[in-house]
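Chemist: The structure that follows is given in the form of structure tokens.
In our numbering, the protein residues as written are 61 to 410.
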């Protein structure tokens, strides 16, 4: 009997040891066409990490590593020959634990703030699949090279969150690269302060309150449109999907936050994803447009084109107070059933 218990205990220990330990991974692509991968490994710094690469995150062969590094080095610099092709990497630590990683940010000529939401770790240790959902600013000014690059990502569906107040709403010749186009006017019904801004009756503090009100408004006024978004995400045939609004910020932050919440991604990670817009949205492109306006108007515009954690957090606090949790909100108000949540996690987590 003791032997049986010992064998059973060893089996449990072995089974648990095969689960990947938590690890922090970052992958960036610099101006020298070099990928820089950094890691913080939870199981000590002894041994080696082998790195494998592919342009398809679902098909990364472990036959020929592109590099082998000591784990205690903590990073690797990799120069890929085909710089116009997006690469994904599989890191194998001591040939025991495997992790996929890619770059979140995708650099285009004129498409602002385009990012892959893959790689984020859920509360149960799974990660969002790479190259399934992209979040982006408007596609309307895409150059020829942007369109070529977007096609190389093989997107099937775009979801346009821009409101009817945006210029050139759905007047976008570049949308013909998508098989499916879904216009969802994701509107917080907060109105637009543009006239007050020009008249200098709208201050920086007003802009902060306005951006918080957008998040609260989307939570309450955007329920039907949010449900439409989830309906699109629940269809496997729609992937890969690009979701965009005008600047890839405020409307999109709330929509992506709800999707990540449904995938059980920690709220701290959701905030970090939203805050990346401050890094990848290029405000310098607006300098010429704003140069003729007063310093007051420029400050207000800069605030409106920035993200702070308190904006999205205002919606989170409201939903937790009113519904008890974000999950309850998704169930009670958006109508996501347990089966639909499980289906979404099957589609998007690995």
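Glycine is no exception: its CB is placed at the ideal position from the N, C-alpha and C atoms.
(1) Can you say whether residue 392 is buried or exposed, counting buried as having 16 or more other CB atoms within 10 angstroms of its CB?
(2) Starting from residue 259 and walking both ways along the beta strand (DSSP E), at which residues does that stretch end?
(3) Below 8 angstroms CB to CB, which residues in the same chain sit around residue 117 once its five sequence neighbours on both sides are set aside?
(4) I'd like to confirm the pairing. Which residues does DSSP put opposite residue 150 in its beta bridges?
(5) Is there contact here, the segment 278 to 288 with the segment 242 to 261, by at least three beta-carbon pairs under 8 angstroms?
(6) Kindly list the residues whose CB is nearer than 7 angstroms to the CB of residue 240, restricted to its own chain and excluding five residues on each side of it in sequence; keep chain order.
(7) Tell me whether residue 375 sits in a helix, a strand or coil according to DSSP, three-state version.
(8) Can you round the beta-carbon distance between residue 187 and residue 409 to whole angstroms, since I take them to be within the 8 angstroms contact cut?
(9) How big is the Cα-Cα spacing for residue 405 and residue 221?
(10) Roughly how many angstroms lie between the CA atoms of residue 83 and residue 127, to the nearest whole one?
(11) Alpha helix (DSSP H) containing residue 103: first to last residue?
(12) State the DSSP-derived secondary structure class of residue 197, mapped to helix, strand or coil.
(13) Given residue 207, which residues of its chain have a CB within under 7 angstroms of its CB, disregarding the five upstream and five downstream residues?
(14) If you pair each beta-carbon of the segment 191 to 206 with each one of the segment 282 to 291, do three or more pairs fall below 8 angstroms?
Modeler: On the basis of the coordinates in this document:
(1) Looking up residue 392 in the chain shown gives position 332. Result: exposed.
(2) Numbered from 1 along the chain shown, position 199 holds the residue referred to as residue 259. Element bounds for residue 259: n/a, residue is neither H nor E.
(3) By 1-based counting over the chain shown, the position of residue 117 is 57. 148, 160, 162, 178, 189, 190 and 191, listed in sequence order.
(4) For the purposes of this step, residue 150 is taken as residue 90 along the chain shown, with counting starting at 1. Looking at the DSSP assignment, residue 150 forms a beta bridge with 112 and 160.
(5) yes
(6) Walking along the chain shown from the start, residue 240 turns up at place 180. 216, 217 and 298, listed in sequence order.
(7) Walking along the chain shown from the start, residue 375 turns up at place 315. Correct three-state label for residue 375: helix.
(8) To locate residue 187, count along the chain shown from 1; it is residue 127. To locate residue 409, count along the chain shown from 1; it is residue 349. That belief holds up - the Cβ atoms of residue 187 and residue 409 are roughly 7 angstroms apart, short of 8 angstroms.
(9) Translated into the one-based positions of the chain shown, residue 405 becomes position 345. Translated into the one-based positions of the chain shown, residue 221 becomes position 161. In a straight line, the C-alpha of residue 405 is about 23 angstroms away from that of residue 221.
(10) Looking up residue 83 in the chain shown gives position 23. Looking up residue 127 in the chain shown gives position 67. Their Cα atoms are separated by approximately 19 angstroms.
(11) As a working note, residue 103 is residue 43 in the chain shown. Segment: none, residue 103 is in no alpha helix (DSSP H) and carries neither H nor E.
(12) Taking the first residue of the chain shown as position 1, residue 197 is located at position 137. Shown here, residue 197 sits in coil according to DSSP, grouped into three states, outside any helix or strand.
(13) In the chain shown, counting from the first residue as 1, residue 207 sits at position 147. Answer for residue 207: 234 and 237, listed in chain order.
(14) The answer is no - the segment 282 to 291 does not touch the segment 191 to 206, with fewer than three Cβ pairs under 8 angstroms.
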